[in-house]
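Step one of this worksheet: look at the structure below.
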Amino acid sequence: MAKFKLDEVDHQILDMLIDNTRIPFTDIAKKLLISAGTVHVRVKKMEEAGIIKGSSLTLDYQKLDYSFIAYVGVYLQNTSQTKFVLERIYDIPYVTVAHITTGKFNIFCKIRAKNTMHAKEIIFMLDDIDGVYRTETMISLEESLNDKKRLMHTIFNEL
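Per the UniProt record's numbering: the sequence shown ends with 159, consecutive numbering throughout.
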């Protein structure tokens with residue numbers, strides 16, 4: 001597939017979608033002085049090129065009683081068990097992110113829980129997975145920065 005080239009109108013459309021993924025195409029069209037059909041066609045082309053991969057929903061975990069965040073480093077008995085362990089981690093819905101890493105841990109996870117007791121249960125679930133040698137946990141006192149928008153704006157401004 002040929003590389004998709006973004007022009008200034010594409011950048012402006014993406015810029016607005018980054019700020020609000022639910023903005024109607026008609027609103028984008030009015031601001032850019034183009035037709036809603038043009039916005040639709042351009043967004044469709046960016047989706048087909050793989051530049052846009054869906055949209056996301058931001059939840060207020062505090063209001064849902066899931067504001068406790070911890071990071072769990074997972075040590076494996078053997079790195080050959082990585083795939084198996086990741087498949088088991090996937091079955092634990094409170095693990096929201098898992099990375100295969102270099103350095104100290106084999107896998108690094110982010111968990112969301114209701115409180116410390118709930119987090120302990122989740123950590124024990126991770127510890128109980130065959131192939132996990134041990135875990136090391138860091139509790140988040142505050143999520144001070146969680147802003148993908150700034151990075152996306154920067155990337156598109158650099159294009």
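Every residue, glycine too, gets a C-beta built ideally from N, C-alpha and C. None of these values were measured; they are calculated from a predicted model.
Using a Cβ-Cβ distance cut-off of 8 Å, the region 62-76 and the region 114-122 are in contact, since at least three pairs of beta carbons, one from each stretch, lie closer than that value. Look at residue 79 here: in three-state DSSP terms it is helix. As a beta-bridge residue in DSSP terms, residue 68 pairs with 113.
The Cβ-Cβ distance between residue 118 and residue 18 does not fall below 8 Å.
At the C-beta level, residue 107 and residue 85 come within 8 Å of one another. Going by DSSP, residue 137 is part of the beta strand (DSSP E) stretching over 132-139.
Excluding residues up to 5 positions away in sequence, 74, 75, 76, 77, 85, 126 lie with their Cβ nearer than 8 Å to the Cβ of residue 132 in the same chain.
Taking the Cα positions, residue 50 is about 35 Å away from residue 122.
Secondary structure at residue 108: strand, using DSSP grouped into helix, strand and coil.
Residue 31 places its beta carbon 8 Å or farther from that of residue 71.
Residue 99 has 108 as its beta-bridge partners, per DSSP. For residue 48, the enclosing alpha helix (DSSP H) covers residues 36-48.
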